[in-house]
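What follows is one structure encoded as structure tokens, with my remarks underneath.
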């Protein structure tokens, strides 16, 4: 292992970790280098276990021993910094004291990802990384085999999504549609019944839309407007989560996704 | 109606809206004045409909006409400001262009809130306002009658909780336990079966824990550690959400709450 103490937050070797809350900067930096960040011991361990190759590890002094058991075989540099250096570097106090930068892997194609899947989620334009992470965590925990993302869906490997998913983004296989307009048709041809989740009153209750022995794709739309009319039209069935009558017209997309995955696991 | 243009972000009359992201400042300011903030047209309308009395309304110029239909009968001042003034005042760009400050109402007691309830959620130490708001939204939409909060649970009327709940914090009655240690006993004496949600492998699957015709209290613990051992011990039954076997050991608390409320609505 290759442990290096660094005292200067502007040190070039720490460039992977700069200004973590500057979304625009991070997007371009991470795309340019094909990297993503994981934070916290549990999530970093899961990324390693899932076979991601580290570019480097950043530990605060107080937490420097925490990953010693895996560092024996670790090739990438391990930077150890003071809390104050870490805070200046990333832009806030990292109380978990552990960050790691990993190389992304090439994404599989949609046909590869769905080939052996029976239950998938398809995320249209979920733009909030927190929501993408939360949906991955629920889907992975509730028996979904893979996720398919529309071209504009937020990146599951963005730091915030990784964190909220607790590493489920490493274990739930996913791929991205190259064409928003025709992508659903390909899924249908692969044998999936396309179930569009919507709060519309004339949609069928979800438990009536899923049955044993089918292959199902649950479609979820953006936080504000839900699924596009194009995807709603292309779906085989529009399903709603049965709700109580009250001054609440819908659930948020992560709650809806959790319930829908649960119902699918129970019924199908 | 009483519309006042204000050009100075430091104007005392705008003090309710100052530095919305400064959590410590906001907590003390809101407690001192017994106020809470709502943002966005839909949520502000819901607060009014729920009978909350406004202290004032803040509109950006571009959005000044949006609530005209309710302003006829509006006694509180309506401040109209430029986008730049709003941004300096609150500390970020408020793209919805509508904020309102409301008087809190006295909270009912726990016995008042649960008197006619059949299904309640009990939140122990959920410390994240986003999670409290999301749980209220799911609970209100899925047939829960009331919420009971442990003394340390985050405030449902904090801006972020109000926003994420989409106003469900106004319609779902709630009260706060005065005593963490003995509060559950009082609920049990009121006839509720106390169901502690936990990912523990030896807990019973949730569908087996709830039956038709019972009165149920679903207990949820903090984001990191779940329910305290004291509350787990006091519960009548420890229930888990059935999950798939994978590298995911639990759901996040908002996903778990959504599924549990859904299951309770379906089964009981």
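Residue numbers (our numbering), protein chains in the order written: chain A, 15 to 282; chain B, 15 to 282. The beta-carbon is built from N, C-alpha and C at its ideal position, and this holds for glycine as well. These numbers were taken from a predicted model, which means no experiment stands behind them.
For residue j and residue i, the rounded distance between their alpha carbons
i	j	result
residue 76/B	residue 111/B	7 angstroms
residue 101/B	residue 108/B	7 angstroms
residue 89/B	residue 17/B	10 angstroms
residue 226/A	residue 254/A	18 angstroms
residue 115/A	residue 228/A	40 angstroms
residue 148/B	residue 44/A	31 angstroms
residue 181/A	residue 217/A	34 angstroms
residue 131/B	residue 188/B	11 angstroms
residue 24/B	residue 163/A	46 angstroms
residue 125/B	residue 136/B	13 angstroms
residue 121/B	residue 134/B	17 angstroms
residue 34/B	residue 264/B	33 angstroms
residue 168/A	residue 46/B	40 angstroms
residue 178/A	residue 257/A	26 angstroms
residue 78/A	residue 55/A	11 angstroms
residue 7/A	residue 19/B	Outside the shown range of chain A (15 to 282) lies residue 7/A, about which nothing can therefore be said.
Residue i - DSSP class collapsed to helix/strand/coil
i	result
residue 278/B	helix
residue 130/B	coil
residue 172/A	coil
residue 106/A	coil
residue 125/A	helix
residue 192/B	coil
residue 156/B	coil
residue 88/A	coil
residue 18/B	strand
residue 251/A	strand
residue 246/B	helix
residue 93/B	strand
residue 101/B	helix
residue 179/B	helix
Beta carbon of residue i nearer than 9 angstroms to that of residue j
i	j	result
residue 127/A	residue 161/A	yes
residue 58/A	residue 113/A	yes
residue 204/B	residue 140/B	no
residue 207/A	residue 64/A	no
residue 166/A	residue 138/A	yes
residue 103/A	residue 95/A	yes
residue 268/A	residue 269/B	yes
residue 280/A	residue 250/A	no
residue 49/A	residue 30/A	yes
residue 92/B	residue 15/B	yes
Where residue i falls, given that 16 or more other Cβ within 10 Å makes a residue buried
i	result
residue 145/A	buried
residue 26/A	exposed
residue 38/A	exposed
residue 106/A	exposed
residue 143/A	buried
residue 183/B	buried
residue 170/A	buried
residue 123/B	exposed
residue 222/A	exposed
residue 190/B	buried
residue 98/B	exposed
residue 53/B	buried
residue 42/A	exposed
residue 83/B	exposed
residue 21/B	exposed
residue 129/B	exposed
residue 87/A	exposed
residue 61/A	buried
residue 231/A	buried
residue 277/A	buried
Proximal residues of chain E, C-beta to C-beta of residue i below 7 angstroms
i	result
residue 156/A	Going by chain labels, chain E is absent from the structure shown, which instead holds the protein chains A and B.
Taking 8 angstroms as the threshold, find out whether the region 171-179 of chain B comes into contact with the region 226-245 of chain B through three or more Cβ pairs. Taking a contact to require three or more Cβ pairs closer than 8 angstroms, the region 171-179 of chain B and the region 226-245 of chain B do not qualify as touching.
If contact is defined by three or more beta carbon pairs under 8 angstroms, each pair taking one atom from either stretch, is the region 142-158 of chain A in contact with the region 266-274 of chain B? Segments in contact, yes.
Does the region 63-82 of chain A come close enough to the region 186-206 of chain A that 3 or more CB-CB pairs lie under 8 angstroms? no
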